[in-house]
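Number of protein chains: 2
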Amino acid sequence: MTLNPIKAFSDYIAAQGLKNTPQRRLIVDVFFKSGKHASTEELYDQVRTIDSGVGQATIYRTLRLLCEANLAREMHFGDGTARYEPIADDSHHDHLICTACGRNQEVVDVNIERLQEELATRYGFVLTSHRMYLYGLCSSCRGTPAK
Amino acid sequence: MTLNPIKAFSDYIAAQGLKNTPQRRLIVDVFFKSGKHASTEELYDQVRTIDSGVGQATIYRTLRLLCEANLAREMHFGDGTARYEPIADDSHHDHLICTACGRNQEVVDVNIERLQEELATRYGFVLTSHRMYLYGLCSSCRGTPAK
DNA sequence: TTACCTGCAAACAGTTTGCAGGCCG
DNA sequence: CGGCCTGCAAACTGTTTGCAGGTAA
């Protein structure tokens, strides 16, 4: 399966005639090693623990590159900030999000996936991908009414 | 079917001890009559063609009320702005989108909905809503490979 | 009368951009 | 060496909030 996404990125950089700088390498490395759905701020903090000289702008610019290279995807949950998800091909999952505490549980259900295929077929479509977001309240937030 | 959402809103207002002002009535009216997925800016413009004295803040505040009343839902597509979708209770649907021609087929599958509930329950969640986007190629686009 | 509302403008937060110098290729 | 990159800070954009004066109930 998956080629190292870090390698994939440097290939993309080269193919586009761009430059493979230490900052880009560091950011990409942190992004793929860190937990998923990192926000720019989280990435910024993590990157700066390693190299405190990196600027926010470079984080944004590199994330945009990653998206253009189809190695990351921008997502919006509920808070005001964009989050980024690595696209690893074999890491597909859906999202179960608590609207009270923001907790984001990644889920997969093969039966749902199967029904999605069937549904699409019924309309003459062949699926290539999908996104599913389930919103609700997690057990702890139901116990302690937020507000 | 559906109770008039405009009525539902004034009921909500009354139930909360809030006030039914002309600005709110105007905004809510425009929101439900306009096309779906309006952005705040589009709403603002439309509202101001009728009453140029309404301020942006009131648009935002009223949209928040609509969301709290469960009559609208905030969504994020790709542009930097939030969009709002009316919740009409009987109008729930998911999206089956052709990535070649952009065709957007609205679909519903009760079996998938049931499995979503089960899945959420398994994680201790109680669902309030969900969004599902299926991406693929429709029959006509498979015949004529785009790109 | 009394909260609640409103428009305005200032405040905010996230993101983008212009610039002068730096560095990859 | 030339063009792409970088950090910085200022600029932008969408959204929220404080305030002083209205207004629904």
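Line order of the protein sequences matches chains A and B. Following the numbering used here, the numbering of the first sequence begins with 1 at its first residue and continues without gaps. Following the numbering used here, the numbering of the second sequence begins with 1001 at its first residue and continues without gaps. For every residue, glycine included, the Cβ atom is placed at its ideal position computed from N, Cα and C. Because the structure is a prediction, the values reported are computed rather than measured.
- Its Cα nearest to that of THR128 (chain A), the residue A:GLN116 stands out among A:SER139, A:GLY35 and A:GLN116.
- Around ALA1120 (chain B), the beta-carbon contacts reaching into chain A at under 7 Å are LEU96, LEU134 and GLY136.
- A residue is called buried once 16 or more other Cβ atoms fall within 10 Å of its Cβ, and GLY53 (chain A), having fewer, is exposed.
- Taken through DSSP and simplified to helix, strand or coil, ASN111 (chain A) comes out as helix.
- DSSP places ILE97 (chain A) in the strand class (E or B) of the three-state scheme.
- For ASN111 (chain A), the residues of chain B that pass the 7 Å Cβ criterion are LEU1115, in the order they occur in the chain.
- Taking C-beta separations shorter than 8 Å and ignoring five residues to either side along the sequence, the partners of ARG1048 (chain B) in its chain run VAL1054, following chain order.
- Per the C-alpha coordinates, the member of B:CYS1141, B:LYS1036, B:LYS1007 and B:ARG1061 positioned closest to GLN1023 (chain B) is B:ARG1061.
- Among the residues of the segment 1070-1091 of chain B, those with a Cβ less than 7 Å away from any Cβ of chain A are HIS1076, in the order of the chain.
- Put simply, the segment 108-127 of chain A does not touch the segment 1079-1088 of chain B. Fewer than three CB pairs are less than 8 Å apart.
- Shortest Cα-Cα distance from GLU118 (chain A) to any of B:ALA1057, B:LEU1134, B:ALA1072 and B:LEU1063 involves B:LEU1134.
- Rounded to the nearest angstrom, the Cβ distance from HIS1130 (chain B) to VAL1107 (chain B) is 13 Å, too far for a contact under 8 Å.
- DSSP places ARG73 (chain A) outside any alpha helix (DSSP H); the residue lies instead in the beta strand (DSSP E), whose first and last residues are 72-76.
- The C-alpha of TYR84 (chain A) lies about 13 Å from the C-alpha of LYS33 (chain A).
- Leaving aside the five residues that flank ILE13 (chain A) on each side, the residues in its chain whose CB is nearer than 6 Å to its CB run, in chain order, ASN20.
- A straight-line Cα-Cα distance of about 10 Å links CYS1101 (chain B) and ARG1142 (chain B).
- Scanning its chain for C-beta atoms nearer than 7 Å, with the 5 sequence neighbours on each side dropped, one finds around CYS67 (chain A) the residues ARG73 and GLU74, in chain order.
- Beta-bridge analysis with DSSP links PRO1086 (chain B) to B:ALA1072.
- Look at LEU18 (chain A) here: in three-state DSSP terms it is coil, with no helix or strand label.
- Put simply, the CB of THR128 (chain A) is near chain B, with a gap under 8 Å to one of its CB atoms.
- The three-state reading of DSSP puts TYR44 (chain A) in helix, counting H, G and I together.
- The C-alpha of PHE125 (chain A) is placed about 29 Å away from the C-alpha of HIS37 (chain A).
- For TYR1123 (chain B), the closest Cβ of chain A is nearer than 8 Å.
- The three-state secondary structure of SER140 (chain A), taken from DSSP, is helix.
- In the structure shown, VAL54 (chain A) adopts coil according to DSSP, grouped into three states.
- When C-alpha distances from HIS76 (chain A) are compared across A:PHE9, A:MET132 and A:THR121, the shortest belongs to A:MET132.
- ARG1131 (chain B) carries a strand assignment under DSSP once its states are collapsed to helix, strand and coil.
- VAL1028 (chain B) has a beta carbon lying at 8 Å or more from every beta carbon in chain A.
- Residue environment for ILE1027 (chain B): buried (at least 16 other C-beta atoms within 10 angstroms of its C-beta).
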